[in-house]
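A.B. asks: Below is a structure I'd like to ask you about.
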């Protein structure tokens with residue numbers, strides 16, 4: 061074990077058991093999986109994605125590019141070991157290149173919350189804490205978010221603020237914030253995206269203070285959608301590594317990470333430690349680790365050592381080598397030795413841990429998300445915010461202030477607490493890489509991307525760092541280039557012979573850290589992902605064993621299988637029963653628009669291609685709507701209810717778009733028309749009763765209605781009542797059979813449906829679904845808009861020139877019909893296809909080609925004649941058939957064509973669209 065007594069803030073009074081790579085280990089509440097593994101001397105956690113090289117823990121938090129693991133329990137997900145809070149029973153394994161997706165839905169809840177505040181502070185380090193306290197004291201509403209389990213940022217506890225240990229200061233400030241009713245303080249919450257107007261998205265990991273998973277009644281994670289007048293970015297900085305040969309071995313990590321593991325978790329990550337630095341910050345880590353019992357050697361790339369740090373090192377027995385750089389490492393599953401160049405000589409130092417520190421990069425990602433400009437600061441060797449953004453301020457280390465006194469001042473201004481003087485700082489020596497084999501110098505360790513890869517990108521002509529990123533994939537892994545991005549810019553700048561300030565950085569984009577799709581979806585999954593609309597009969601359909609399909613947002617019964625039936629068998633049975641007897645369909649989802657007003661007829665004349673104003677009260681007319689380009693956009697029937705009132709029906713999917721279309725014309729082009737529109741789709745339930753026995757069923761149930769052809773002709777409607785409830789009957793047929801559409805207020809739909817079934821039982825009434833409806837209409841050549849059309853089809857292409865009025869002066873799309881292209885005889889036209897083998901059902905969407913004499917396709921490109929739009933098995937025909945759009949199709953009736961299906965050519969004959977009852981005799985019974 062590598063635990064050190066007297067260090068860490070974990071709860072050593074409790075022990076947690078976890079499994080990694082099949083072995084059982086122990087840890088404590090407050091551990092991360094990474095700290096628990098290191099405490100158990102486990103440094104190898106997996107292998108790399110491309111080269112299969114060993115990978116370990118490279119940092120202590122989200123900047124870790126190497127320590128990816130696959131969590132198996134409590135739920136499969138791939139995460140960084142550094143961010144996984146240890147829970148009892150956790151099961152994980154190392155990732156060998158790639159993780160795996162869960163094979164079942166996560167049962168946990170994910171939530172969302174909207175929050176508004178005067179000030180949002182991102183980061184609960186010392187600067188952020190003081191900024192939040194100042195805002196709270198000023199009476200502002202405040203939200204403070206921080207991604208770690210506890211406030212304090214990177215404070216180790218060894219610092220002293222206002223003469224007290226830093227942790228006491230943190231506790232005091234957080235306690236004061238807790239007393240303010242207008243302060244919302246959220247730990248374990250990562251602000252992962254900042255957007256315009258003070259909008260920030262933050263992900264809260266909802267676990268208790270012991271690291272135990274949230275109870276089932278709570279969300280595992282919650283996305284906070286925060287809107288603030290002011291946003292204070294106090295996100296700190298990320299230590300920057302230095303690139304050298306074999307810098308990817310387990311046992312190599314950032315110097316700050318080893319210090320964090322010691323003070324936060326009581327873990328001494330190595331005993332024989334080499335610290336390679338070009339910056340002062342690593343000395344604090346070296347001294348603390350030596351004080352915990354490690355043998356530490358410092359290699360400083362600079363020519364001199366800060367005097368005070370040198371004195372402290374001497375007191376701890378730390379040997380410091382100046383003007384020395386690491387050139388490579390040795391070891392298999394963990395570093396065993398460090399190769400260094402001191403002057404002109406090469407030395408080998410034994411080591412089980414190599415710490416690297418090349419300076420610090422301000423965490424400016426959120427500032428960049430809102431297009432905050434960055435400027436290169438040569439004294440830091442880093443990019444920092446330049447200029448200001450309205451409503452956004454950046455403070456502390458995120459703004460390039462790296463001394464504690466300066467950080468405290470940034471957060472509290474003149475009210476900043478005092479701190480002990482810090483050692484005088486020497487400038488950082490900017491080192492992107494050390495000379496060596498570029499193929500073994502890793503820039504993005506997760507992507508196995510090397511200096512050699514950057515060299516290839518530059519030689520290939522890449523001059524932009526954005527292009528270099530995409531060529532090499534550097535910065536595209538889970539860590540989003542937190543440790544590799546600026547280094548890649550520096551190395552590319554060197555290879556291009558350009559200053560890094562001119563080259564700049566890649567664009568930082570949300571999310572700052574990986575966010576689970578489940579968290580983004582929240583509770584909007586399953587039935588809540590896309591609102592499901594159901595008819596008043598839905599419960600009856602379910603009880604009847606219906607198989608449903610989604611039509612728009614509606615759940616519609618597709619077919620009703622009996623035991624042992626598949627869809628084809630059920631549909632053939634339903635078709636035969638309807639053609640030969642009587643069937644009933646729930647057609648309630650069809651769009652219905654109530655059009656009222658003195659100019660209702662005028663509006664409809666302009667909307668439809670045919671005349672509607674001449675329709676008599678009590679009659680029905682079929683109509684087609686076209687867009688400005690003359691292409692069909694919807695169709696349906698129009699009932700004239702009164703002199704100034706019409707009921708327009710649309711396709712199910714067209715209900716909302718058609719209403720929107722009509723309103724757009726009415727409100728923007730013809731506001732002078734006195735017309736009002738209202739959707740009544742949900743108010744009316746509609747049941748087509750279809751088949752040769754339908755007249756008997758309707759006549760027996762509605763005895764006061766004369767259902768004869770003479771009294772109740774096709775395309776007319778009648779109002780009646782049943783037990784005091786108003787019912788509207790319409791002679792409309794979408795099957796070519798004798799049919800009555802029964803309309804009723806949806807409150808009474810289920811009762812009326814049952815009465816219709818009861819009345820039809822002696823006649824063998826059969827409920828049928830949408831699939832049978834499609835077959836019946838296709839046998840009669842009735843197109844379905846959106847299935848047999850694709851936005852490039854005119855009424856003439858459908859063989860429906862009769863529906864386009866020649867009397868009207870104008871209507872939407874009329875001018876387009878005269879365009880030369882619309883008169884082109886080679887336009888695709890609506891026809892039927894009959895496979896000659898009488899058994900192949902042509903897949904919908906299949907391409908149609910000229911008949912090939914040899915039975916094989918020529919070399920591509922093969923000219924296409926058209927495509928199959930609808931295809932079914934037919935009980936009436938006793939064979940499969942299809943509808944299609946074919947170039948000059950109506951002139952080619954009787955021709956043979958080929959349809960490629962599963963690598964073979966199926967011969968089919970082009971035919972007329974009406975395949976059943978061509979004379980239309982069945983319509984009137």
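Numbering (the numbering used here), first residue to last: 61 to 985.
Positions of the beta carbon are idealized from the N, C-alpha and C atoms, including for glycine.
Since we're looking at a predicted model, the values are computed, not measured.
#1: Return no unless some Cβ of chain D is closer than 8 Å to the Cβ of residue 495.
#2: On the CB-based measure, 16 or more other CB atoms within 10 Å of its CB, does residue 406 come out buried or exposed?
#3: Taking all protein chains shown into account, decide if residue 886 is buried (16 or more other Cβ within 10 angstroms of its Cβ) or exposed.
#4: Where does the unbroken beta strand (DSSP E) through residue 410 begin, and where does it stop?
#5: Are the Cβ atoms of residue 319 and residue 348 separated by less than 8 Å?
#6: Apart from the five residues just before and just after residue 499, which ones in its own chain have a Cβ nearer than 6 Å to its Cβ?
#7: Assuming contact is defined by CB atoms lying nearer than 8 Å, are residue 746 and residue 651 in contact in what I supplied?
#8: Report the start-end ranges of each alpha helix (DSSP H) in the stretch 168–221 that is 4 residues or longer and not cut off at the edges.
#9: Could you please give the first and the last residue of the uninterrupted beta strand (DSSP E) stretch that includes residue 95?
#10: With a floor of 3 residues, list each beta strand (DSSP E) that falls wholly inside the stretch 706–789, ordered by position along the chain.
#11: Helix, strand or coil for residue 814? Go by DSSP, reduced to three states.
#12: Which of the three DSSP states, helix, strand or coil, is assigned to residue 525?
#13: With a cut-off of 8 Å on the beta carbons, I'd call residue 841 and residue 974 a contact; round off their distance for me.
#14: Taking the straight line between their C-alpha atoms, what separation do you get for residue 403 and residue 467?
#15: Just tell me which of 291, 804 and 469 has its CA closest to the CA of residue 448.
#16: Taking the Cβ atom as the reference point for each residue, do residue 158 and residue 576 lie within a distance shorter than 8 Å?
#17: Following the continuous alpha helix (DSSP H) through residue 956, name the residue where it begins and the one where it ends.
#18: Can you give the Cα-Cα distance for residue 412 and residue 288, rounded to whole angstroms?
#19: Check this for me: beta carbons of residue 293 and residue 182, under 8 Å apart or not?
#20: Which same chain residues end up closer than 8 Å to residue 382 when comparing Cβ atoms and leaving out the 5 residues on each side of it in sequence?
#21: What do you reckon, are the CB atoms on residue 150 and residue 78 nearer than 8 Å?
#22: Expressed to the nearest angstrom, what Euclidean distance is found between the alpha-carbon atoms of residue 269 and residue 213?
#23: Roughly how many angstroms lie between the CA atoms of residue 565 and residue 517, to the nearest whole one?
#24: Here's a check: name, in chain order, each residue in its chain whose Cβ is nearer than 6 Å to the Cβ of residue 414, leaving out the five neighbours to either side.
#25: CA-CA distance, residue 634 and residue 826?
#26: Let me know the secondary structure DSSP gives residue 990 once reduced to three states.
#27: Quick check on residue 661: does DSSP put it in helix, strand or coil?
#28: From the DSSP output, in three-state form, read off residue 797 for me.
#29: Let me make sure I understand the geometry here. Which of 297, 505 and 547 has the alpha-carbon closest to that of residue 445?
#30: With DSSP run on the structure shown, which of helix, strand or coil describes residue 325?
#31: Roughly how many whole angstroms lie between the Cα atoms of residue 328 and residue 354?
#32: Assuming residue 342 is part of the alpha helix (DSSP H), what are its boundary residues?
#33: For the putative contact between residue 528 and residue 514, defined by C-beta atoms under 8 Å, what is the C-beta separation to the nearest angstrom?
#34: State the Cα-Cα distance for the pair residue 909 and residue 925, rounded to the nearest angstrom.
#35: Decide if residue 646 is buried, meaning its Cβ has at least 16 other Cβ atoms within 10 Å, or exposed.
#36: Which same chain residues end up closer than 6 Å to residue 249 when comparing Cβ atoms and leaving out the 5 residues on each side of it in sequence?
C.D. replies: Taking the geometry as given:
#1: In summary, chain D is missing from the structure at hand, where a single protein chain is found.
#2: exposed
#3: exposed
#4: 405–410
#5: yes
#6: 510 and 512
#7: no
#8: 186–197
#9: Not the beta strand (DSSP E): residue 95 falls in the alpha helix (DSSP H), residues 93–99.
#10: 736–739, 744–750 and 777–782
#11: helix
#12: helix
#13: 4 Å
#14: 37 Å
#15: 291
#16: no
#17: From DSSP, residue 956 is part of no alpha helix (DSSP H) but of the beta strand (DSSP E) over 956–961.
#18: 48 Å
#19: yes
#20: 360, 362, 363, 364 and 365
#21: yes
#22: Because residue 269 carries a pLDDT of 33, less than 50, the predicted location of this residue cannot be relied on, and the following value inherits that uncertainty. Roughly 17 Å between the two C-alpha positions.
#23: 16 Å
#24: 312, 334, 395 and 398
#25: 7 Å
#26: Because the chain here runs from 61 to 985, residue 990 falls outside it and cannot be looked at.
#27: helix
#28: coil
#29: 297
#30: helix
#31: 8 Å
#32: 341–351
#33: 6 Å
#34: 5 Å
#35: buried
#36: 205, 262 and 264
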